[in-house]
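As numbered in this note's numbering, residues 1 to 340 make up the sequence shown, in order.
Built from N, CA and C at the ideal position, the CB exists for glycine as well.
Model, not experiment: these values are computed from the prediction.
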Amino acid sequence: MFLPKDLDLHDKETSEHHYDEKYAHKAGFLSQEYMAEWKDEKKDRITDLIAKLSLPPKGEALDFGCGSGVLTEVIRKALPGYQVYGTDLSQAALDKARERYPGCTFFHADDARYNKKKFDFLFTHHVLEHVYDLQEVAGEIAHYLKPAAVMLHILPCGNEGSLEYNLCLLREDGFNPQKGGVFFFEDDDHVRRIKTEDIRNLFLIHNCILVEDYYSNQYFGAIKWITESNPFKVLKMFNPLKGRDSRAKMQLIKLGSILTGLNLWRMPITLLNRLKQNQQRGLVSSLLYNGCLLLYPLSRLLDRYVRRLAAAEWRQGRKERNGSEMYLIYSRSGRKIKQG
Numbered sequence: 001m002f003l004p005k006d007l008d009l010h011d012k013e014t015s016e017h018h019y020d021e022k023y024a025h026k027a028g029f030l031s032q033e034y035m036a037e038w039k040d041e042k043k044d045r046i047t048d049l050i051a052k053l054s055l056p057p058k059g060e061a062l063d064f065g066c067g068s069g070v071l072t073e074v075i076r077k078a079l080p081g082y083q084v085y086g087t088d089l090s091q092a093a094l095d096k097a098r099e100r101y102p103g104c105t106f107f108h109a110d111d112a113r114y115n116k117k118k119f120d121f122l123f124t125h126h127v128l129e130h131v132y133d134l135q136e137v138a139g140e141i142a143h144y145l146k147p148a149a150v151m152l153h154i155l156p157c158g159n160e161g162s163l164e165y166n167l168c169l170l171r172e173d174g175f176n177p178q179k180g181g182v183f184f185f186e187d188d189d190h191v192r193r194i195k196t197e198d199i200r201n202l203f204l205i206h207n208c209i210l211v212e213d214y215y216s217n218q219y220f221g222a223i224k225w226i227t228e229s230n231p232f233k234v235l236k237m238f239n240p241l242k243g244r245d246s247r248a249k250m251q252l253i254k255l256g257s258i259l260t261g262l263n264l265w266r267m268p269i270t271l272l273n274r275l276k277q278n279q280q281r282g283l284v285s286s287l288l289y290n291g292c293l294l295l296y297p298l299s300r301l302l303d304r305y306v307r308r309l310a311a312a313e314w315r316q317g318r319k320e321r322n323g324s325e326m327y328l329i330y331s332r333s334g335r336k337i338k339q340g
């Protein structure tokens, strides 16, 4: 879904209508509902981080910007002694969340019944790059926090040095200055890409101290997600005609050739995973499914290798700030969080 050029997502009412439309959109052939699922690696990573936060054994947690509730349910399972809530400005998303995850409580962001509710733990996942007014939303988040609350925010990172950042440097259109430095390949409804120090200061004025920061997708993590993408997207990302100069064009050709090859080699696995989620496969998708099964053994070897490299990068290099995704842990009390 592409945004009209005159659509301004810095307006709350416009944002609410836009995301209602996105969440109401139904899955099609090889396509999924918006934010309907996340990969197991991401769920496991979130579960592991929450387990190491040394939170009280009982309490209340809020998934702020919960969407259709996929990760709200992950939080519920990670915190069995907690009452877990999710809030969003999209009613369409909340309707799906209530239907799919009855063990959690979901409420609209404007529901006055929850205005005075306070939480021990607050979580966001790829929310802050979307919100209409970052300062205002930071205040709303702080309003939900208990005096000793802990927060975990996961979002795209604008720090220099990642593979994705360096790719942007090669292209004429690499960064969008009208949208807070958003990378050229990002979703149209991303309105900013934030650096560590900017978001540190954003919450510091609300007495929330950044106590731990982790990063992913420095290099191998980026290769993993790029080579899982639609092959047309990969070709578009490395289009040499968009190069800043002749040297950049040659680098785009070289990188594009390697990653397009990896993308095609991994495609049977990628397609199988998507087709498995389609419970009502037609003739074409059934034929495609069976064809992917034939190519599965070779594709699986490379897929596992790429996944291992990305996992090792997270384990060994997550303190390196040149990642394209950041995991930020805040404590309102300033208490140091013990993390492995």
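Asked, Found
"Given aspartate 40 as reference, the closest of Val70, Ile205 and Tyr327 once Cα atoms are compared", "Val70"
"Serine 324 versus phenylalanine 183 - alpha carbon distance", "10 Å"
"Local Cβ density within 10 Å of tyrosine 214, reported as buried at 16 or more and exposed below that", "buried"
"Given 8 Å, three or more beta-carbon pairs between the region 209-225 and the region 129-145", "no"
"Exposure of glycine 158, with buried meaning 16 or more beta-carbon neighbours within 10 Å", "buried"
"Contact the region 112-127 vs the region 164-178: 3+ CB pairs below 8 Å", "no"
"Segment contact flag, the region 227-246 with the region 60-80, C-beta cutoff 8 Å, min 3 pairs", "no"
"Proline 268 versus phenylalanine 220 - alpha carbon distance", "20 Å"
"Histidine 125 classed as buried or exposed, judged by whether at least 16 other C-beta atoms fall within 10 angstroms", "buried"
"Cβ shell of proline 57 (< 7 Å), same chain only, five flanking positions each side left out", "Gly81"
"Alpha-carbon spacing of proline 156 relative to alanine 112, whole angstroms", "31 Å"
"Start-to-end residues for the alpha helix (DSSP H) that takes in phenylalanine 238", "Unbroken run through phenylalanine 238: none, as it is neither H nor E."
"Residue interval of the beta strand (DSSP E) (run including glycine 59)", "59-64"
"Pair within 7 Å by beta-carbon distance, arginine 266 and leucine 302", "yes"
"C-alpha gap between isoleucine 226 and leucine 55, whole angstroms", "35 Å"
"Beta-carbon proximity list for glycine 181, same chain, < 6 Å, skipping 5 on both sides", "Gly158, Phe175 and Arg193"
"Spatial neighbours of proline 147 in its chain, beta-carbon cut-off 8 Å, leaving aside the 5 residues before and after", "Arg332 and Ser333"
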